[in-house]
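Our numbering puts the sequence shown at residues 12 to 176. Structure, as structure tokens:
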Amino acid sequence: MKILNFSILVLTLLALSSCCVFVKDRQSSQLSPSETMVCFMDAIQQEDYHAVGAYLSDKTLEGFICMLSSFGNLKQGLESDPAFIGFLNESGLELDEVVEMPESDIIGLIFISTAHEDPDIFNYEILGEEIHGDTAIVYFKSDSEVEIPMIKQDGQWKISFELWD
């Protein structure tokens, strides 16, 4: 009986964790905005900073880098966030190593460190989506309801937090 229960548990966990893997294996251009958002959250939860950055639009990445560089340079911008530095220490990463990473990976790490501050964010629900040509809104609920803007970039839906126009 214990073996059966363990087998059911393992199969359930594999099914849940493979959901986004299945979605990722489809052609990226076929992912809906909601599926993209689920994969983005899955990447954050798995601490896959490379994948997190890949779900963000180029303009979003540029905006974050610009904001961080406004502190003098990228390294100083990252150093200004004690929670991020704490996350790096917990993860065994060095700041000098991080600043040499591709910018999309750095921003992915920032999203992951932010999620560490609020792990309840993973108790979320996708309420729906609206698509208007190459733009979309995903209705996301965690602690509160939020509209996540998305754009289609190179045939793929990307999260588009346009910080600066």
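Every residue, glycine too, gets a C-beta built ideally from N, C-alpha and C. Note that the structure is a prediction, hence the values are computed from the model and not measured.
Going by alpha carbons, who is nearest to residue i out of the options?
i       : options                            : result
Trp-67  : Glu-140, Val-157, Ile-118, Gly-144 : The identity of residue 67 in the sequence shown is Leu, whereas the question assumes Trp. Out of Glu-140, Val-157, Ile-118, Gly-144, Ile-118 has the C-alpha closest to the C-alpha of Leu-67.
Ile-123 : Met-78, Ile-55, Cys-50, Val-110    : Ile-55
Asp-59  : Cys-77, Ser-102, Glu-90, Asn-134   : Ser-102
Met-52  : Phe-98, Met-112, Phe-151           : Phe-151
Ile-121 : Met-48, Ile-132, Asp-92, Gln-57    : Asp-92
Ile-132 : Val-110, Ser-155, Glu-73           : Ser-155
Asn-134 : Lys-163, Val-149, Ser-153, Thr-146 : Ser-153
Val-110 : Thr-125, Ala-126, Ser-80, Asp-129  : Ser-80
Gln-57  : Ala-94, Asp-145, Pro-130           : Pro-130
Would residue i and residue j be called neighbours here (beta carbons separated by less than 8 Å)?
i       : j       : result
Gly-83  : Ser-115 : no
Thr-178 : Ile-159 : There is simply no residue 178 to check, as the chain begins at 12 and stops at 176 in what is shown.
Leu-89  : Leu-106 : yes
Phe-172 : His-127 : no
Gln-167 : Asp-69  : no
Drop a sphere of 10 angstroms on the beta-carbon of residue i, count the other beta-carbons inside from all chains shown, and report buried for 16 or more, exposed for fewer.
i       : result
Val-32  : Reliability fails at Val-32, whose pLDDT of 48 lies under 50, so the model's placement of it is uncertain and the value that follows must be treated cautiously. Exposed.
Val-157 : exposed
Met-78  : exposed
Gly-74  : buried
Ser-18  : Below a pLDDT of 50, predicted positions are generally treated as unreliable, and Ser-18, at 34, falls in that range; no measurement from the model is reported.
Ala-94  : exposed
Ala-26  : Any reading at Ala-26 must be qualified, since the residue scores a pLDDT of 35, below 50, and its modelled position is unreliable; no value is offered.
Is residue i near the ligand COA, judged by its Cβ being under 7 Å from some heavy atom?
i       : result
Leu-120 : The model depicted lacks the ligand COA and carries no ligand whatsoever.
Task: Contact between the region 127-142 and the region 40-47 (3+ Cβ pairs under 8 Å) - done: yes
- [ ] Only counting runs of 4 or more residues, tell me where the alpha helix (DSSP H) segments fall wholly within the region 87-156, in order along the chain.
- [x] 93-102, 106-109, 114-128
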